[in-house]
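J.:
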Amino acid sequence: MKRTNLATGILAMAIIALMATSCKDKNKEQENQEGHNTEQMDDSGHMDGTMEDHSQMEQDNMNQGGMAMMSSEVVADYLTLKNALVSDDKDGAATAGEKLESSLKDFDTSKFSDEQQAELTDIIEDATEHAEHIAKSDIGHQREHFDILSKDVIDLLAIAGSERTLYQAYCPMYNDNKGAQWLSATEEIKNPYYGSKMMTCGSVQKQIN
Amino acid sequence: MKAVKVTGWILLVALVGIQFMPTERNQSDLIPKTDFMVVNEVPKNIESVIKTSCYDCHSNNTDYPWYNKVQPVAWYLEDHVEHGKEELNFNEWDSYSSRRKNSKLKSIISQIEDDEMPLTSYTLIHRDARLSDNEKKIVLDWVSKLKDSL
């Protein structure tokens, strides 16, 4: 199961990487999601945005962009949650967990292939449970759930893609030295598992576009 | 004084009335192929602890206490069991994906570690469901091993 997961993930990322190459530089403007979209359309020479006029290939292109857009709410709420944990803010994390719960619920999987849908549904169900727990736990538990939630979100983005550039970071100490990953919008390490206790523990593993 | 009397009567009638309301009983003799104990090689002592302390609320078969015949206790328990099964149903273990299994095991470990499970409201009456320090340790060790093997 894990292996299939990985294989699907790699495949999805390869596709996304291919499709995103043309607008990689613009991706760097993380905050400017709207602008990025328009520019992508400009690149392919279509300003009108009516789907009917596009050829099949261009439609695929649009869909890919659209799919990455679908994950943007989830990514935004995840990052809010991460930032709250970085600043040891239990209440902030709880609120963000609640928001994430609803953005996960709103995530529309219908545009994906059957196999991807099954995978996404599984990921979303799992992530939702962790978000629920984060909404009503103390900070120690919030961080434990955030560990597994991060894996879920990483897997979700491997399928759906992300509009903004993210950095996958790794802290080798958390979880009895088993290590834990998280996603951040910046390259600078700010550890959500330890917060002020060990702010700079960890390193960036890779960049997700 | 009269008002108190009337209220008293209404309450009494209501209490008797709700005794006739039906409740959903969580009982089944069937042990499905997906049961936790069927799909995992669980040592006897661990199995016995989990069955005694967890299965009443986290499986399709509850060993009901006598007072479950009395309302509103029965409703309270019904709600409890329903929610428990929603979170985790050992009878349906193998129908969970590996991702879900991993998460469930993680939750089992942290809830036992922090004495959140089994619930105090439950162990108050089910004294045998309380986990001794030793039971906690052996269950946690074993569940952690299972989780790492996934």
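Sequence order for the protein chains is B and E. Counting in UniProt numbering, the first sequence runs from 1 upward without gaps. Counting in UniProt numbering, the second sequence runs from 1 upward without gaps. Just so it is clear, CB atoms sit at the ideal spot from N, CA and C, and this is done for glycine as well.
(1) Exposed or buried, what is Ser113(B) when buried is set at 16 or more other beta-carbons lying within 10 Å of its beta-carbon?
(2) Quick one: any contact between the segment 146-159 of chain B and the segment 95-108 of chain E, if contact means 3 or more CB pairs under 8 Å?
(3) Does Ile112(E) pass the burial test, meaning 16 or more other C-beta atoms within 10 Å, or should it be called exposed?
(4) In chain order, what residues of the same chain have a beta carbon less than 7 Å from the beta carbon of Ser53(E), not counting five sequence neighbours either side?
(5) Can you list the residues of chain E that Asp126(B) reaches, using a CB-CB cut of under 7 Å?
(6) So the candidates are Asp77(B), Asp126(B), Met198(B), Gly140(B); which of them puts its Cα closest to the Cα of Asp155(B)?
(7) Could one say the Cβ of Lys106(E) lies closer than 8 Å to chain B's Cβ atoms, at least one of them?
(8) Compare the beta carbon distance of His144(B) and Ser110(E) with 8 Å and say whether it is the shorter of the two.
(9) Look up Glu34(B) in the DSSP assignment and say whether it is helix, strand or coil.
(10) Does DSSP put Val70(E) in a helix, a strand or coil?
(11) Mind pulling the chain B residues with CB within less than 7 Å of Ser95(E)?
(12) Please report the straight-line C-alpha distance between Leu11(E) and Asp56(E), rounded to a whole angstrom.
(13) Taking three-plus beta-carbon pairs below 8 Å as touching, is the segment 24-41 of chain E in contact with the segment 86-95 of chain E?
(14) Check whether the Cβ atoms of residue 151(E) and Val139(E) lie closer than 8 Å to each other.
(15) Measure from the C-beta of Ser59(E) to each C-beta in chain D and report whether the shortest distance is under 8 Å.
(16) Would you say residue 158(E) faces chain B, with C-beta separation under 8 Å as the test?
(17) What does a CB cutoff of less than 7 Å around Asp91(B) pick up in its chain, not counting 5 residues either side in sequence?
(18) Are the CB atoms of Gly195(B) and Leu85(B) within a distance shorter than 8 Å?
(19) Which residue or residues does DSSP assign as beta-bridge partners of Leu183(B)?
(20) Please classify Ser110(B): does DSSP put it in a helix, a strand, or coil?
(21) Going by C-alpha distance, which of Met199(B), Lys178(B), Ala180(B) is nearest Glu188(B)?
(22) Look up Lys51(E) in the DSSP assignment and say whether it is helix, strand or coil.
(23) Based on DSSP bridge pairs, tell me the residues matched to Ser203(B).
(24) List the DSSP bridge partners of Ile208(B).
(25) Could you give the first and the last residue of the continuous alpha helix (DSSP H) run that contains Asp115(E)?
(26) Any beta carbon from chain E within less than 8 Å of Glu163(B)'s own beta carbon?
(27) Quick one: what's got a C-beta closer than 8 Å to Ile125(E)'s C-beta in the same chain, skipping five residues either side?
(28) Between Ser95(E), Lys51(E), Ile46(E), Val16(E), which lies nearest to Pro72(E) when the distance is taken from Cα to Cα?
(29) Is the shortest distance between the beta-carbon of Glu73(B) and the beta-carbons of chain E less than 8 Å?
(30) Have a look at Val6(E), Trp75(E), Thr120(E), Pro32(E) and flag the residue whose alpha-carbon is nearest the alpha-carbon of Ser59(E).
(31) Would you mind sorting Met1(E) into buried or exposed? The rule is 16 or more other CB atoms within 10 Å of its CB.
(32) Below 7 Å on C-beta distance, what does Ser110(E) contact in chain B?
(33) Could you say which of Val74(B), Gln168(B), Ala180(B) lies nearest to Leu104(B) if we only look at CA atoms?
(34) Please decide whether Glu129(B) counts as near chain E, where near means a Cβ-Cβ distance under 8 Å.
(35) Can you pull the chain E neighbours of Ile123(B), defined as C-beta to C-beta under 8 Å?
T.: Inspection of the coordinates gives the following:
(1) The count along the first sequence starts at 1 and reaches residue 113(B) at position 113. By the neighbour-count rule (16 or more Cβ atoms within 10 Å), Ser113(B) is not buried but exposed.
(2) yes
(3) Within the second sequence, numbered from 1, the residue matching residue 112(E) stands at position 112. Result: buried.
(4) Within the second sequence, the letter at position 53 stands for residue 53(E). Hits under 7 Å: Pro118, Ala129, Leu131.
(5) Here residue 126(B) refers to the residue found at position 126 when the first sequence is read from its first residue. The contacting residues are Arg99, Arg100, Ser103.
(6) For this step, residue 155(B) is matched to residue 155 along the first sequence. When only C-alpha atoms are compared, the closest one is Asp126(B).
(7) For the purposes of this step, residue 106(E) is taken as residue 106 along the second sequence, with counting starting at 1. Judged by the 8 Å Cβ criterion, Lys106(E) is in contact with chain B.
(8) Here the question's residue 144(B) lines up with position 144 in the first sequence. Here the question's residue 110(E) lines up with position 110 in the second sequence. The identity of residue 144(B) in the sequence shown is Glu, whereas the question assumes His. Yes. Within cutoff.
(9) For the purposes of this step, residue 34(B) is taken as residue 34 along the first sequence, with counting starting at 1. Low confidence applies here, because Glu34(B) scores a pLDDT of 40, under 50, leaving its location unreliable and the question unanswered by this model.
(10) In the second sequence, residue 70(E) corresponds to position 70, counting from 1. Reduced to three states, the DSSP call for Val70(E) is coil.
(11) Within the second sequence, residue 95(E) is the residue found at index 95, counting from 1. Per Cβ cutoff of 7 Å: no residues; Ser95(E) is ~12 Å from chain B at best.
(12) Start at 1 with the first residue of the second sequence, and residue 11(E) comes out as number 11. Start at 1 with the first residue of the second sequence, and residue 56(E) comes out as number 56. Whole-angstrom Cα-Cα distance: 31 Å.
(13) yes
(14) Summary: the structure shown does not reach residue 151(E), with chain E confined to residues 1 through 150, and so no result is reported for it.
(15) Any reference to chain D falls outside this structure, whose protein chains are B and E.
(16) Because chain E in this structure spans residues 1 to 150, residue 158(E) falls outside the shown range and cannot be described.
(17) Within the first sequence, residue 91(B) is the residue found at index 91, counting from 1. So no residue of the chain qualifies.
(18) Within the first sequence, residue 85(B) is the residue found at index 85, counting from 1. Within the first sequence, residue 195(B) is the residue found at index 195, counting from 1. Yes, Cβ-Cβ distance for Leu85(B) and Gly195(B) is below 8 Å.
(19) Position 183 of the first sequence, counted from the start, is the residue given in the question as residue 183(B). BP columns for Leu183(B) point to Gln168(B).
(20) By one-based count along the first sequence, residue 110(B) stands at place 110. Reduced to three states, the DSSP call for Ser110(B) is coil.
(21) Residue mapping note: residue 188(B) aligns to position 188 of the first sequence, counting from 1. Among Met199(B), Lys178(B), Ala180(B), the Cα nearest to that of Glu188(B) belongs to Met199(B).
(22) To locate residue 51(E), count along the second sequence from 1; it is residue 51. Residue state, collapsed to three classes: helix.
(23) Within the first sequence, residue 203(B) is the residue found at index 203, counting from 1. According to DSSP, Ser203(B) bridges with Tyr170(B).
(24) The count along the first sequence starts at 1 and reaches residue 208(B) at position 208. Paired residue(s): Leu166(B).
(25) Position 115 of the second sequence, counted from the start, is the residue given in the question as residue 115(E). Premise fails: Asp115(E) is in no alpha helix (DSSP H) and is neither H nor E.
(26) As a position in the first sequence, residue 163(B) is number 163, starting the count at 1. It does not; no Cβ of chain E falls within 8 Å.
(27) Along the second sequence, one-based indexing puts residue 125(E) at 125. Excluding sequence neighbours, Ile125(E) sits near Pro65.
(28) Position 72 of the second sequence, counting from 1, holds the residue named residue 72(E). Considering only alpha carbons, the answer is Val16(E).
(29) Position 73 of the first sequence holds residue 73(B). It does not; no Cβ of chain E falls within 8 Å.
(30) Position 59 of the second sequence, counted from the start, is the residue given in the question as residue 59(E). When each option's Cα is compared against that of Ser59(E), the closest is Pro32(E).
(31) Within the second sequence, the letter at position 1 stands for residue 1(E). Counting Cβ neighbours within 10 Å, Met1(E) comes out exposed, since fewer than 16 surround it.
(32) For this step, residue 110(E) is matched to residue 110 along the second sequence. Ordered by position in chain B, the residues that pass the 7 Å Cβ test against Ser110(E) are His141, Glu144.
(33) Residue 104(B) sits at position 104 when you count from the first residue of the first sequence. Considering only alpha carbons, the answer is Val74(B).
(34) By one-based count along the first sequence, residue 129(B) stands at place 129. Interface residue, yes.
(35) Numbered from 1 along the first sequence, position 123 holds the residue referred to as residue 123(B). Ordered by position in chain E, the residues that pass the 8 Å Cβ test against Ile123(B) are Arg99.
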